[in-house]
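Residue numbers (this note's numbering), protein chains in the order written: chain S, 7 to 206; chain Z, 276 to 505.
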């Protein structure tokens with residue numbers, strides 16, 4: 007994608023904020039992600055806090071940086087009320103609890119291209135699932151409204167009602183097929199947080 | 276994706292005994308993964324009924340209760356007075372916020388969340404409890420939210436729907452028994468409808484003309500839809 011195309015249509019792409027003090031590493035992540043995401047780079051925790059806003063969907067946060075650590079940056083992001091999805095990038099497998107610290111996921115450093123893309127994609131899908139649950143609720147509400155307003159004969163004849171039921175079933179099947187994800191503790195807590203972001 | 280928790284989250288396939296807690300024929304046991312909503316106006320003992328429902332299994336199973344209403348210590352006292360209740364397997368997530376922010380440390384039996392509106396924090400509390408319970412979760416886990424109506428006062432009904440969708444989804448995927456209470460008189464009919472859709476069975480309570488309590492189970496094919504005195 008050329009720079010022009012990118013700037014013409016920036017709103018459709020999820021925004022990923024990469025917080026990484028090594029410029030080469032940051033540029034590599036950007037190269038991998040630029041085709042599908044609007045990538046922004048912050049070279050320190052302080053810079054990240056200056057760049058974080060409600061447009062940021064996903065943050066890749068290096069754990070070990072000079073100055074403010076990734077953990078401190080995350081605490082400040084959450085304190086400010088941003089529920090964006092944050093993955094910690096760490097050279098060692100974390101021996102502490104990423105969930106209690108408020109992280110949504112972690113990436114072992116150095117990540118592979120596929121590994122990084124997969125994590126970012128999964129974090130993006132969490133937001134989409136949150137939207138689908140909201141659609142499910144609005145369909146249920148419409149169903150209840152129609153069922154109280156109309157007689158059974160009217161419902162049977164209603165094109166709107168049969169379309170609604172079909173859509174409802176498809177959304178429900180979709181959501182149920184992804185239920186097993188909630189067995190994972192990080193996914194379970196992350197799903198709850200993703201809703202809070204949608205609601206902001 | 277991290278897979279921490281996957282090993283301990285799931286119960287072994289089993290059913291849950293309801294027994295006398297809900298004296299309705301055809302509702303004596305339910306399969307694992309069932310979500311039950313206890314619905315009724317105030318002062319009919321919904322919380323007590325829910326605690327009894329948790330206690331039925333407590334000789335082998337653990338129970339987790341999210342309490343935005345009653346502070347954790349009082350709830351534990353109430354639970355101890357229930358027949359057959361094993362308080363050693365009773366885990367409470369106190370999100371009343373009454374204890375003051377940060378002044379209370381989590382214990383094995385009690386986790387604290389700053390406010391009923393902190394739905395992500397409640398989720399973390401549930402995860403902390405299941406980690407404490409660890410492999411014993413295989414024997415069964417009853418997870419309850421007492422009550423939804425209080426949560427709605429702090430978080431709007433869309434947020435509470437999302438929360439319940441996630442909680443009931445976890446119950447169903449992991450094979451827990453879900454028990455949630457709701458006072459339908461405090462919500463508009465549309466919210467009651469959408470919340471109810473998330474549950475497999477609804478236990479309804481009402482006051483009969485002579486002042487006695489009546490109970491019935493709705494949405495459960497094996498149980499008749501008729502009212503029973505209790």
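All C-beta atoms in this analysis are idealised placements derived from N, C-alpha and C, irrespective of residue type, glycine included.
If you follow the beta strand (DSSP E) that residue 337 (chain Z) is part of, which residue opens it and which one closes it?
For the purposes of this step, residue 337 (chain Z) is taken as residue 62 along the second chain, with counting starting at 1. Judged by DSSP secondary structure, residue 337 (chain Z) falls within the beta strand (DSSP E) whose first and last residues are 337-342.
Looking at the C-beta of residue 188 (chain S), does it have a partner C-beta in chain Z at a distance below 8 Å?
Taking the first residue of the first chain as 1, we reach residue 188 (chain S) at position 182. Taking 8 Å as the CB threshold, residue 188 (chain S) lines the interface with chain Z.
Tell me which residues share the same chain as residue 199 (chain S) and place their Cβ nearer than 6 Å to its Cβ, disregarding the 5 neighbours each side in the sequence.
If you number the first chain from 1, residue 199 (chain S) lands on position 193. Spatial neighbours of residue 199 (chain S) in its own chain (CB-CB distance under 6 Å, excluding positions within 5 residues in sequence) are listed in chain order as 89.
What does the Cβ neighbour count give for residue 307 (chain Z), buried or exposed, with the cut at 16 atoms within 10 Å?
On the second chain, position 32 is the one that residue 307 (chain Z) refers to. Looking at its Cβ environment, which holds 16 or more other Cβ atoms inside 10 Å, residue 307 (chain Z) is buried.
Would you tell me roughly how many angstroms separate the C-alpha atoms of residue 138 (chain S) and residue 317 (chain Z), rounded to the nearest one?
Translated into positions along the first chain, residue 138 (chain S) becomes position 132. Translated into positions along the second chain, residue 317 (chain Z) becomes position 42. It is roughly 33 Å from the alpha-carbon of residue 138 (chain S) to the alpha-carbon of residue 317 (chain Z).
Any Cβ of chain S within less than 8 Å of the Cβ of residue 449 (chain Z)?
Stepping through the second chain from its first residue, residue 449 (chain Z) is reached at position 174. Contact of residue 449 (chain Z) with chain S is assigned, a C-beta pair being separated by under 8 Å.
Consult DSSP for residue 180 (chain S) and reduce its assignment to one of helix, strand or coil.
For the purposes of this step, residue 180 (chain S) is taken as residue 174 along the first chain, with counting starting at 1. Three-state DSSP puts residue 180 (chain S) in a helix.
Would you say residue 434 (chain Z) lies against chain S (beta-carbon separation less than 8 Å)?
To locate residue 434 (chain Z), count along the second chain from 1; it is residue 159. Interface residue, yes.
Is it the case that the Cβ atoms of residue 341 (chain Z) and residue 416 (chain Z) are separated by a distance below 8 Å?
Reading the second chain from its first residue, position 66 is the one you call residue 341 (chain Z). Reading the second chain from its first residue, position 141 is the one you call residue 416 (chain Z). The answer is no: Cβ separation not under 8 Å.
Segment limits, alpha helix (DSSP H) that includes residue 358 (chain Z):
Position 83 of the second chain, counting from 1, holds the residue named residue 358 (chain Z). Looking at the DSSP string, residue 358 (chain Z) is not in any alpha helix (DSSP H), and its letter there is neither H nor E.
Closer than 8 Å is the cut-off here; do at least three beta carbon pairs connect the segment 162-181 of chain S with the segment 473-491 of chain Z?
Flag = no, the segment 162-181 of chain S and the segment 473-491 of chain Z do not touch.
For residue 293 (chain Z) and residue 84 (chain S), I'd like the C-alpha separation in whole angstroms.
Indexing the second chain from 1 puts residue 293 (chain Z) at position 18. Indexing the first chain from 1 puts residue 84 (chain S) at position 78. Each residue's Cα considered, the two are about 41 Å apart.
If we define contact as Cβ-Cβ less than 8 Å, is residue 173 (chain S) a contact residue for chain Z?
In the first chain, counting from the first residue as 1, residue 173 (chain S) sits at position 167. Against chain Z, the CB of residue 173 (chain S) has no partner CB under 8 Å away; the residue lies outside that interface.
Any beta carbon from chain Z within less than 8 Å of residue 8 (chain S)'s own beta carbon?
The count along the first chain starts at 1 and reaches residue 8 (chain S) at position 2. Reliability fails at residue 8 (chain S), whose pLDDT of 41 lies under 50, so the model's placement of it is uncertain and the value that follows must be treated cautiously. Chain Z, which has no Cβ nearer than 8 Å to the Cβ of residue 8 (chain S), makes this no.
Residue range of the beta strand (DSSP E) that residue 76 (chain S) falls in?
Counted from its first residue, the first chain places residue 76 (chain S) at position 70. Per DSSP, residue 76 (chain S) is not a residue of any beta strand (DSSP E); the alpha helix (DSSP H) it occupies stretches across 76-85.
When the Cα atoms are used, what is the spatial distance from residue 330 (chain Z) to residue 361 (chain Z)?
On the second chain, position 55 is the one that residue 330 (chain Z) refers to. On the second chain, position 86 is the one that residue 361 (chain Z) refers to. In a straight line, the C-alpha of residue 330 (chain Z) is about 7 Å away from that of residue 361 (chain Z).
Tell me where the beta strand (DSSP E) around residue 310 (chain Z) begins and ends.
Within the second chain, numbered from 1, the residue matching residue 310 (chain Z) stands at position 35. Counting along the chain, residue 310 (chain Z) sits inside the beta strand (DSSP E) bounded by residues 310-314.
Going by the CB atoms, is the gap between residue 57 (chain S) and residue 23 (chain S) shorter than 8 Å?
Here residue 23 (chain S) refers to the residue found at position 17 when the first chain is read from its first residue. Here residue 57 (chain S) refers to the residue found at position 51 when the first chain is read from its first residue. Taking the C-beta atoms as reference points, residue 57 (chain S) is found nearer than 8 Å to residue 23 (chain S).
Inter-residue spacing [alpha-carbon to alpha-carbon] between residue 391 (chain Z) and residue 456 (chain Z):
Counting from 1 along the second chain, the entry for residue 391 (chain Z) is found at position 116. Counting from 1 along the second chain, the entry for residue 456 (chain Z) is found at position 181. Rounded to whole angstroms, the gap between the alpha carbons of residue 391 (chain Z) and residue 456 (chain Z) is 15 Å.
Do residue 152 (chain S) and residue 167 (chain S) come within 8 Å of each other at the CB atom, strictly closer than that value?
Reading the first chain from its first residue, position 161 is the one you call residue 167 (chain S). Reading the first chain from its first residue, position 146 is the one you call residue 152 (chain S). Going by C-beta atoms, residue 167 (chain S) is nearer than 8 Å to residue 152 (chain S).
Which of the three DSSP states is assigned to residue 403 (chain Z) in this structure?
Position 128 of the second chain, counted from the start, is the residue given in the question as residue 403 (chain Z). In the structure shown, residue 403 (chain Z) sits in a helix (DSSP, three-state: H, G or I).
Cβ of residue 394 (chain Z) less than 8 Å from any chain S Cβ?
In the second chain, residue 394 (chain Z) corresponds to position 119, counting from 1. Chain S, which has a Cβ nearer than 8 Å to the Cβ of residue 394 (chain Z), makes this yes.
For residue 21 (chain S), the three-state DSSP class (helix, strand or coil):
Taking the first chain and counting its residues from 1, one reaches residue 21 (chain S) at position 15. When secondary structure is reduced to three states using DSSP, residue 21 (chain S) falls in the strand class.
Can you tell me where the beta strand (DSSP E) with residue 45 (chain S) in it begins and where it stops?
Taking the first chain and counting its residues from 1, the one referred to as residue 45 (chain S) is at position 39. Here the beta strand (DSSP E) through residue 45 (chain S) covers 44-48.
What residues of chain Z sit near residue 119 (chain S), judged by a beta carbon separation below 8 Å?
As a first step, residue 119 (chain S) must be located in the first chain, where it is residue number 113. At a C-beta separation below 8 Å, residue 119 (chain S) has no neighbours in chain Z, since its nearest C-beta there lies roughly 17 Å away.
Measure from the C-beta of residue 155 (chain S) to each C-beta in chain Z and report whether the shortest distance is under 8 Å.
The count along the first chain starts at 1 and reaches residue 155 (chain S) at position 149. Residue 155 (chain S) has a beta carbon lying at 8 Å or more from every beta carbon in chain Z.
Leaving out the 5 sequence neighbours to the left and right, which residues in its chain are closer than 7 Å to residue 188 (chain S) when beta-carbon positions are compared?
Looking up residue 188 (chain S) in the first chain gives position 182. The answer, listed in chain order, is 194 and 197.
Which runs of the alpha helix (DSSP H), 4 residues or longer, sit entirely within the segment 410-444 of chain Z?
423-429, all fully within the segment 410-444 of chain Z.
Grouping DSSP H, G and I as helix and E and B as strand, with all else coil, what is residue 365 (chain Z)?
Here residue 365 (chain Z) is taken as the residue at index 90 of the second chain, counted from 1. DSSP places residue 365 (chain Z) in strand when its eight states are reduced to three.
Verify the CB distance criterion: does residue 472 (chain Z) have a CB-CB separation below 8 Å to chain S?
The residue given as residue 472 (chain Z) occupies position 197 in the second chain. Closer than 8 Å to the CB of residue 472 (chain Z) there is at least one CB belonging to chain S.
Out of S:38, S:202, S:20 and S:21, which one is the CA nearest neighbour of residue 118 (chain S)?
In the first chain, residue 118 (chain S) corresponds to position 112, counting from 1. Cα-wise, what sits closest to residue 118 (chain S) is S:38.
Using a Cβ cut-off of 8 Å, pull out every chain S residue sitting near residue 399 (chain Z), in sequence order please.
If you number the second chain from 1, residue 399 (chain Z) lands on position 124. Contacts between residue 399 (chain Z) and chain S, judged by CB atoms closer than 8 Å, involve 105, 106 and 195 in chain order.
Can you tell me whether residue 459 (chain Z) is helix, strand or coil according to DSSP?
Translated into positions along the second chain, residue 459 (chain Z) becomes position 184. Helix.
Counted within 10 angstroms of its Cβ, other Cβ atoms place residue 68 (chain S) as buried (16 or more) or exposed:
Sequence index remark: in the first chain, residue 68 (chain S) carries index 62 (1-based). With at least 16 other beta carbons inside 10 angstroms of its own, residue 68 (chain S) counts as buried.
Considering only C-alpha positions, which residue in the set Z:328, Z:372, Z:501 and Z:359 is nearest to residue 348 (chain Z)?
For the purposes of this step, residue 348 (chain Z) is taken as residue 73 along the second chain, with counting starting at 1. When each option's Cα is compared against that of residue 348 (chain Z), the closest is Z:372.
Note down, in chain order, every chain S residue with its Cβ under 8 Å from the Cβ of residue 465 (chain Z).
Translated into positions along the second chain, residue 465 (chain Z) becomes position 190. Under the 8 Å cutoff, chain S gives 147, 150 and 151.
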